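Numbering (the working numbering), first residue to last: 44 to 388. The beta carbon of each residue, even a glycine, is placed where N, CA and C say it ideally should be. Computed from a predicted structure; not experimentally measured. Down below is the structure, laid out as structure tokens.
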Ligand SMILES: C[S@@+](CC[C@H](N)C(=O)[O-])C[C@H]1O[C@@H](n2cnc3c(N)ncnc32)[C@H](O)[C@@H]1O
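Following this line, the structure appears as structure tokens:
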């Protein structure tokens with residue numbers, strides 16, 4: 044799940060935007076509600092005897108509903124790198140864990156194939172990726188994901204991960220900081236923010252979320268600040284998103300995770316991905332299109348020479364409804380994409 048960002052236009056949506064969102068990181072709605080639940084279940088096609096992976100099990104919201112649809116010989120592996128998320132999931136999924144239908148594993152989805160090999164599972168019926176961070180992580184000031192609450196500049200999904208946001212902010216050269224902000228936050232004022240960071244850390248290290256948010260605010264010209272607030276977006280949103288992506292190597296991991304999941308899908312198996320910002324979604328879209336691509340010969344060739352056949356077909360896309368956004372404002376930037384692996388010709 045992602046943080047606040049500009050809403051995307053959905054032509055099917057009611058123009059009435061619904062109730063205002065609670066402030067980012069306010070701690071309201073800390074309970075994690077599974078996003079696009081109905082669509083996930085529809086596209087994942089839960090077979091009672093199937094083997095499924097929830098690659099980002101989080102608080103277990105989606106996993107609970109998937110597990111409910113599995114029979115005694117079905118299996119769901121729930122992966123997460125965050126032990127606190129796994130504790131919450133364990134609580135929620137206790138009955139299924141006891142029956143052996145669900146197993147929770149502390150692992151990155153990048154290592155999904157190792158997790159399957161260790162269990163002697165060759166291929167699976169479906170894999171779900173619900174990317175980004177959960178409401179539980181965002182609401183916890185100790186994790187440092189939220190600029191609205193004072194906390195250490197951490198932002199690691201995996202508390203044993205190698206680098207924190209504070210390390211990046213306090214040690215990276217200005218050009219690298221600016222690149223991160225530009226590439227991962229699509230931040231227009233990347234260079235200004237990077238030099239403000241470097242200026243500030245000469246005096247003392249930047250240690251907390253609020254320190255960084257205030258510094259970003261001061262670095263951005265006032266008209267741009269006002270424009271950002273008018274759109275319901277704190278001017279530090281992009282900086283925080285960028286740092287979170289860099290800390291957790293999110294884009295690189297998503298690419299590796301999707302490839303690993305696809306390799307281990309059975310023919311006819313489904314891959315369902317929910318992304319929360321345009322960078323992630325672009326990557327997912329590119330991945331799906333690549334897998335669904337057939338012949339790449341130039342159109343002037345009378346017959347196909349490349350012999351390339353689609354490995355998959357794209358089976359669905361979904362955005363949250365107005366009702367879901369009204370009930371769960373964090374769903375508003377969610378986008379689901381689904382593919383089905385083709386049988387081997
Ligand atoms: C949006 S939440 C998932 C919420 C979940 N679908 C639910 O309904 O409760 C995303 C989760 O992915 C986890 N995550 C992030 N990177 C990961 C990785 N490389 N491998 C496994 N889990 C990861 C985060 O720790 C977080 O708990």
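Cβ neighbour criterion (16 or more within 10 Å) applied to residue 300: Position 257 of the chain shown, counted from the start, is the residue given in the question as residue 300. Classification for residue 300: buried.
Which residue marks the beginning of the beta strand (DSSP E) containing residue 98, and which one marks its end?
On the chain shown, position 55 is the one that residue 98 refers to. No beta strand (DSSP E) contains residue 98, which DSSP labels as neither H nor E.
Whose CA, out of 91, 229, 186, lies closest to the CA of residue 204? As a first step, residue 204 is located in the chain shown; it is residue number 161 there, counting from the start. Nearest Cα to residue 204 within the set 91, 229, 186: 186.
What is the rounded straight-line gap between the Cα of residue 237 and the Cα of residue 297?
As a first step, residue 237 must be located in the chain shown, where it is residue number 194. As a first step, residue 297 must be located in the chain shown, where it is residue number 254. Rounded to the nearest angstrom, the gap between the Cα atoms of residue 237 and residue 297 is 26 angstroms.
| task | Use the C-beta contact count for residue 68: other C-beta atoms within 10 angstroms, 16 or more gives buried, fewer gives exposed. | result | On the chain shown, position 25 is the one that residue 68 refers to. Because residue 68 sits at a pLDDT of 34, beneath the cut-off of 50, its placement in the model cannot be relied upon, and the point is left open.
How about residue 151: is its Cβ closer than 7 angstroms to a heavy atom in ligand 1? In the chain shown, the residue the question calls residue 151 occupies position 108. Checking the 7 angstroms criterion, the Cβ of residue 151 is within range of a heavy atom belonging to ligand 1.
> How about the stretch 358–367 and the stretch 77–91: do they share at least three Cβ pairs that are nearer than 8 angstroms?
Replying inline: The stretch 358–367 and the stretch 77–91 touch, with no fewer than 3 CB-CB distances between them shorter than 8 angstroms.
ask   = With distances taken from CA atoms, which of 96, 235, 196 is nearest residue 149?
value = Counting from 1 along the chain shown, the entry for residue 149 is found at position 106. Nearest to residue 149 by alpha-carbon distance, out of 96, 235, 196, is 96.
Hey, is residue 320 close to ligand 1, as in C-beta under 7 angstroms from one of its heavy atoms?
Here the question's residue 320 lines up with position 277 in the chain shown. The beta carbon of residue 320 sits no closer than 7 angstroms to any heavy atom of ligand 1.
Assuming residue 324 is part of the beta strand (DSSP E), what are its boundary residues?
The residue labelled residue 324 in the question sits at position 281 within the chain shown. Careful: residue 324 lies outside any beta strand (DSSP E), inside the alpha helix (DSSP H) at 321–335.
Checklist line | Contact under 8 angstroms by Cβ, residue 78 with residue 110 | finding: By one-based count along the chain shown, residue 78 stands at place 35. By one-based count along the chain shown, residue 110 stands at place 67. Residue 110 is positioned such that its CB atom lies no closer than 8 angstroms to that of residue 78.
Margin query: Considering only heavy atoms of ligand 1, does any lie closer than 7 angstroms to the CB of residue 100?
Written below: As a first step, residue 100 is located in the chain shown; it is residue number 57 there, counting from the start. Answer for residue 100: yes, Cβ within range of ligand 1.
- Task: Using a threshold of 8 angstroms, state whether the C-beta atoms of residue 175 and residue 252 are closer than that.
- Result: Translated into positions along the chain shown, residue 175 becomes position 132. Translated into positions along the chain shown, residue 252 becomes position 209. No, the pair does not count as a contact, with Cβ atoms beyond the cut-off.
| request: Can you give me the start and stop residues for the alpha helix (DSSP H) that residue 169 sits inside? | output: What you label residue 169 is simply residue 126 of the chain shown in a count that begins at 1. Not the alpha helix (DSSP H): residue 169 falls in the beta strand (DSSP E), residues 167–173.
DSSP-derived helix/strand/coil call for residue 358
For the purposes of this step, residue 358 is identified with residue 315 of the chain shown, where counting begins at 1. Strand at residue 358.
| Name the DSSP bridge partner or partners of residue 313? | Position 270 of the chain shown, counted from the start, is the residue given in the question as residue 313. Beta bridge pairing from DSSP links residue 313 with 169, 383.
Practice task
Flag residue 200 as yes when its Cβ comes closer than 7 angstroms to any non-hydrogen atom of ligand 1, and as no otherwise.
Solution key: Along the chain shown, read from residue 1 onward, the residue named residue 200 stands at position 157. For ligand 1, a non-hydrogen atom lies closer than 7 angstroms to the CB of residue 200.
Got a sec: does ligand 1 put a non-hydrogen atom nearer than 7 angstroms to the Cβ of residue 183?
-> Counting from 1 along the chain shown, the entry for residue 183 is found at position 140. Of the heavy atoms belonging to ligand 1, none sits nearer than 7 angstroms to the Cβ of residue 183.
task: May I ask you to check if the CB of residue 175 is nearer than 7 angstroms to at least one heavy atom of ligand 1?
output: Against the chain shown, residue 175 aligns to sequence position 132. Indeed, a heavy atom of ligand 1 lies less than 7 angstroms from the Cβ.
Does DSSP put residue 194 in a helix, in a strand, or in coil?
As a first step, residue 194 is located in the chain shown; it is residue number 151 there, counting from the start. DSSP places residue 194 in coil when its eight states are reduced to three.
Original post:
Whose C-alpha, out of 156, 285, 219, is nearest the C-alpha of residue 306?
Top reply: On the chain shown, residue 306 is found 263 positions in, with the first residue counted as 1. That would be 156, whose Cα lies nearest to the Cα of residue 306.
Residue 204 beta carbon near ligand 1 (any heavy atom closer than 7 angstroms) = Stepping through the chain shown from its first residue, residue 204 is reached at position 161. Answer for residue 204: no, Cβ out of range of ligand 1.
Q: Consult DSSP for residue 177 and reduce its assignment to one of helix, strand or coil.
A: Numbered from its first residue, the chain shown carries residue 177 at position 134. The answer is coil: DSSP assigns residue 177 none of H, G, I, E or B.
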